[in-house]
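Protein chains in written order, with the working numbering: chain A, 18 to 337; chain B, 14 to 293.
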Amino acid sequence: MTEIALTGAGTGERQRTADTIFRGATWFFAVFVLLILAGVIVSLIVGAIPALQEFGWSFITSSAWNPVTEKFGALPAIYGTLVTSAIAMLIAVPVSFGIAIFITELCPPWLKRPIGTLIELLAAIPSIIYGIWGLFVFAPVLQSTLQPLLIGTLGNIPWIGTLFGGPPLGIGILTAGLILGIMVLPFITSVTRDVFETVPTVLKESAYGIGATTWEVIWNIVLPTTRVGVIGGIMLGLGRALGETMAVTFVIGNAHRISASLLQPGTTISATLANEFAEATGDIYPSSLVALGLVLAFITLLVLTAAKLMLLRMQQQGGR
Amino acid sequence: MSPYARRRATNSIVLTLSMAATIFGLVWLALILWTLLKNGIGAINVDFFVQMTPPPGSQGGVLNAIYGSLIMTLVATVAGSPVGILAGTFLAEYGRGNPIAPVVRFINDILLSAPSIIIGMFVYELMVVRMGHFSAWAGAAALAMIVIPVVVRTTEDMLSLVPGSLREAAFALGTPKWKVIVMVTYRAAIQGMLTGVLLAVARISGETAPLLFTVINNQFWSTNMNAEMANLPYVIFQFALSPYKDWQSLAWGGALLITVAILVLNITARLLANLKSFAR
Numbered sequence: 018m019t020e021i022a023l024t025g026a027g028t029g030e031r032q033r034t035a036d037t038i039f040r041g042a043t044w045f046f047a048v049f050v051l052l053i054l055a056g057v058i059v060s061l062i063v064g065a066i067p068a069l070q071e072f073g074w075s076f077i078t079s080s081a082w083n084p085v086t087e088k089f090g091a092l093p094a095i096y097g098t099l100v101t102s103a104i105a106m107l108i109a110v111p112v113s114f115g116i117a118i119f120i121t122e123l124c125p126p127w128l129k130r131p132i133g134t135l136i137e138l139l140a141a142i143p144s145i146i147y148g149i150w151g152l153f154v155f156a157p158v159l160q161s162t163l164q165p166l167l168i169g170t171l172g173n174i175p176w177i178g179t180l181f182g183g184p185p186l187g188i189g190i191l192t193a194g195l196i197l198g199i200m201v202l203p204f205i206t207s208v209t210r211d212v213f214e215t216v217p218t219v220l221k222e223s224a225y226g227i228g229a230t231t232w233e234v235i236w237n238i239v240l241p242t243t244r245v246g247v248i249g250g251i252m253l254g255l256g257r258a259l260g261e262t263m264a265v266t267f268v269i270g271n272a273h274r275i276s277a278s279l280l281q282p283g284t285t286i287s288a289t290l291a292n293e294f295a296e297a298t299g300d301i302y303p304s305s306l307v308a309l310g311l312v313l314a315f316i317t318l319l320v321l322t323a324a325k326l327m328l329l330r331m332q333q334q335g336g337r
Numbered sequence: 014m015s016p017y018a019r020r021r022a023t024n025s026i027v028l029t030l031s032m033a034a035t036i037f038g039l040v041w042l043a044l045i046l047w048t049l050l051k052n053g054i055g056a057i058n059v060d061f062f063v064q065m066t067p068p069p070g071s072q073g074g075v076l077n078a079i080y081g082s083l084i085m086t087l088v089a090t091v092a093g094s095p096v097g098i099l100a101g102t103f104l105a106e107y108g109r110g111n112p113i114a115p116v117v118r119f120i121n122d123i124l125l126s127a128p129s130i131i132i133g134m135f136v137y138e139l140m141v142v143r144m145g146h147f148s149a150w151a152g153a154a155a156l157a158m159i160v161i162p163v164v165v166r167t168t169e170d171m172l173s174l175v176p177g178s179l180r181e182a183a184f185a186l187g188t189p190k191w192k193v194i195v196m197v198t199y200r201a202a203i204q205g206m207l208t209g210v211l212l213a214v215a216r217i218s219g220e221t222a223p224l225l226f227t228v229i230n231n232q233f234w235s236t237n238m239n240a241e242m243a244n245l246p247y248v249i250f251q252f253a254l255s256p257y258k259d260w261q262s263l264a265w266g267g268a269l270l271i272t273v274a275i276l277v278l279n280i281t282a283r284l285l286a287n288l289k290s291f292a293r
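Below, the structure is given as structure tokens:
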């Protein structure tokens with residue numbers, strides 16, 4: 018840094034200009050991040066206009082999907098997206114809790130890092146790998162084990178039975194939901210773990226001091242303190258599950274219909290886009306697909322925004 | 014059962030369940046990696062790396078797809094990282110008291126988790142429709158938009174870890190702010206920032222959805238960035254869903270290759286980050 022000490026008159030001016038330029042550049046690219054999201058939203062809205070003008074609100078309530086007659090409705094795809102994500106949450110939330118409890122409260126310190134890393138690697142595996150594995154390995158196993166079991170037991174109960182009707186196909190809504198569950202589990206675990214670790218040790222120790230068991234400390238101290246953060250983590254996982262594409266495309270069966278049974282094929286918004294967007298011709302067909310994308314963007318951005326707001330509130334609480 | 018025994022029993026049940034949950038999570042990782050190895054290792058031979066993607070029913074390799082994936086990942090990283098680093102710098106160094114900073118931070122976190130297929134549609138409208146054809150440039154642009162939020166996030170986190178006293182020492186010498194950032198703060202945080210870039214590369218190497226409507230695929234060798242180009246994720250997608258045994262085998266080989274590359278990148282990134290914490 019000797020040259021700085023030796024600067025003469027005039028360099029101060031130059032440095033001030035350099036400062037302004039550098040600051041301007043960082044500002045520009047920060048705003049660029051905002052422009053990406055704005056661009057995404059605007060381009061989706063513009064692209065969706067022809068379809069929305071043609072179908073209006075019935076686009077969301079209709080379950081027609083016929084490229085030949087150019088009648089399109091988003092309901093089966095929205096239904097599939099919501100149901101697969103709900104199944105995913107049923108699996109991922111309890112498991113993530115368990116893992117977070119194990120890592121923060123039970124695990125010997127030397128094992129914390131390896132187990133945490135391994136669970137996070139589950140999130141690093143690309144969606145398409147889950148897809149190919151789900152189609153060739155997971156679905157056949159489900160077809161010969163879990164699905165006949167469900168049909169044989171729950172399938173005979175009135176009401177609930179309709180959810181498990183039909184032949185075991187391997188692929189379908191349930192399979193997609195289960196794989197999504199495995200995929201979002203590391204995301205929920207990582208947030209839950211982080212917020213669990215923000216609970217002040219004094220708080221936990223005072224509960225242990227009056228004789229509480231580990232579970233009582235978790236249930237009565239840790240969870241109430243971190244509630245907002247935990248819900249934020251779950252919503253973050255939900256946001257991921259809603260938009261997950263390739264894995265679902267492989268195993269859901271891509272059928273534009275709403276079946277009562279979870280074992281039957283269906284479709285999701287993202288799977289429909291992945292399958293049909295590149296090949297769609299005409300005006301209304303591609304526009305309908307963009308409108309589907311708009312619906313997906315709307316749902317996920319809503320969920321993710323709620324998640325972020327909750328996590329922010331958690332951070333502020335932690336800072337107090 | 015006395016209340017005390019019941020409480021103890023509940024406790025052990027829950028803790029056993031939490032252990033079971035951990036094993037449940039780890040089992041899937043092991044299962045997926047095992048199947049990839051079992052099905053993929055047979056496809057990996059010399060031909061796999063030197064031949065082009067074959068027509069249905071014949072043997073070949075995935076050289077053109079490996080090249081396409083590498084070049085698009087490279088372009089996306091080179092284009093996206095500086096944007097991310099500068100935006101992250103703004104948040105960490107100039108963000109305090111600036112009304113835009115919290116908004117950028119918030120939107121960036123949303124982009125971080127937003128579905129990548131939506132980014133693909135955006136680039137389709139932005140570039141493919143205007144240019145009138147699919148191209149590797151469009152694919153790289155879509156990937157770059159996924160790189161940016163990852164790098165913004167890690168850059169900001171890493172710069173915030175640099176102690177303020179380091180900056181103050183440099184300021185006290187009369188160093189202008191940009192020089193403090195570039196020569197002191199960046200230098201102190203370089204390993205962490207590199208970690209962010211590596212994680213971004215790992216993230217985009219397996220991304221398939223944004224490539225579906227931007228580059229599509231190319232069965233032949235092509236280095237033209239302005240045309241369709243082969244890439245591993247698309248080849249895996251297409252070949253795995255085909256009825257041909259040779260194609261499926263190549264898909265498994267490609268899946269193994271991508272996964273190993275991503276795991277190596279992830280572990281390297283983590284080691285780099287650890288190195289940093291040991292140094293401090």
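Every residue, glycine too, gets a C-beta built ideally from N, C-alpha and C. Just so we're clear, the structure is a prediction, and the values are computed from it rather than from any experiment.
Residue(s) in a DSSP beta bridge with residue i
i                     : result
residue 88 of chain A : A:83
Option nearest residue i by Cα separation, candidates the options
i                      : options                    : result
residue 95 of chain B  : B:83, B:165, B:69, B:28    : B:165
residue 119 of chain A : A:214, A:181, A:178        : A:214
residue 308 of chain A : A:140, A:34, A:94, A:50    : A:94
residue 268 of chain A : A:140, A:187, A:326        : A:187
residue 27 of chain B  : A:148, A:180, A:111        : A:111
residue 152 of chain B : B:219, B:256, B:58         : B:219
residue 343 of chain A : A:90, A:254, A:56, A:331   : Outside the shown range of chain A (18 to 337) lies residue 343 of chain A, about which nothing can therefore be said.
residue 191 of chain B : A:184, A:40, A:198         : A:40
residue 98 of chain B  : B:167, B:70, B:126         : B:167
residue 83 of chain A  : A:314, A:298, A:332        : A:298
residue 207 of chain A : A:182, A:192, A:275, A:133 : A:133
residue 19 of chain B  : A:53, A:126, A:233, A:287  : A:233
residue 184 of chain A : A:199, A:177, A:167        : A:167
residue 99 of chain A  : A:217, A:157, A:258, A:291 : A:258
residue 256 of chain A : A:198, A:153, A:230, A:236 : A:198
residue 124 of chain A : A:139, A:162, A:231, A:52  : A:231
residue 287 of chain A : B:42, B:127, B:242         : B:127
residue 254 of chain A : A:279, A:127, A:108        : A:108
residue 291 of chain A : B:282, B:177, B:129, B:239 : B:129
residue 108 of chain B : A:278, A:46, A:272, A:318  : A:46
residue 240 of chain A : A:182, A:216, A:128        : A:216
Nearest-angstrom beta carbon gap, residue j and residue i [assumed within contact, 8 Å]
i                      : j                      : result
residue 251 of chain B : residue 230 of chain B : 6 Å
residue 65 of chain B  : residue 74 of chain B  : 7 Å
residue 212 of chain B : residue 163 of chain B : 6 Å
residue 264 of chain A : residue 144 of chain A : 5 Å
residue 156 of chain B : residue 215 of chain B : Their Cβ separation, rounded to whole angstroms, is 12 Å, which puts residue 156 of chain B and residue 215 of chain B out of contact at 8 Å.
residue 209 of chain A : residue 117 of chain A : 4 Å
CB of residue i within 8 Å of CB of residue j, strictly
i                      : j                      : result
residue 137 of chain B : residue 221 of chain B : no
residue 123 of chain B : residue 322 of chain A : yes
residue 205 of chain A : residue 147 of chain A : no
residue 56 of chain B  : residue 262 of chain B : yes
residue 267 of chain B : residue 249 of chain B : yes
residue 61 of chain A  : residue 275 of chain A : no
residue 174 of chain B : residue 205 of chain B : yes
residue 331 of chain A : residue 245 of chain A : yes
residue 44 of chain B  : residue 269 of chain B : no
residue 82 of chain B  : residue 259 of chain B : no
residue 169 of chain A : residue 270 of chain A : no
residue 234 of chain B : residue 121 of chain B : no
Secondary structure of residue i, DSSP reduced to three states
i                      : result
residue 300 of chain A : coil
residue 261 of chain B : helix
residue 127 of chain B : coil
residue 72 of chain B  : coil
residue 28 of chain A  : helix
residue 338 of chain A : Summary: the structure shown does not reach residue 338 of chain A, with chain A confined to residues 18 through 337, and so no result is reported for it.
residue 147 of chain B : coil
residue 54 of chain A  : helix
residue 284 of chain A : coil
residue 271 of chain A : coil
residue 19 of chain A  : Low confidence applies to residue 19 of chain A: its pLDDT is 46, below 50, so where it sits in the model is not reliable, and the reading given next is rough at best. Reduced to three states, the DSSP call for residue 19 of chain A is helix.
residue 167 of chain A : helix
residue 126 of chain A : helix
residue 262 of chain A : coil
The ligand MN heavy atom lying under 7 Å from the CB of residue i
i                      : result
residue 264 of chain A : With respect to the ligand MN, the structure shown offers nothing to examine, as it has no ligands at all.
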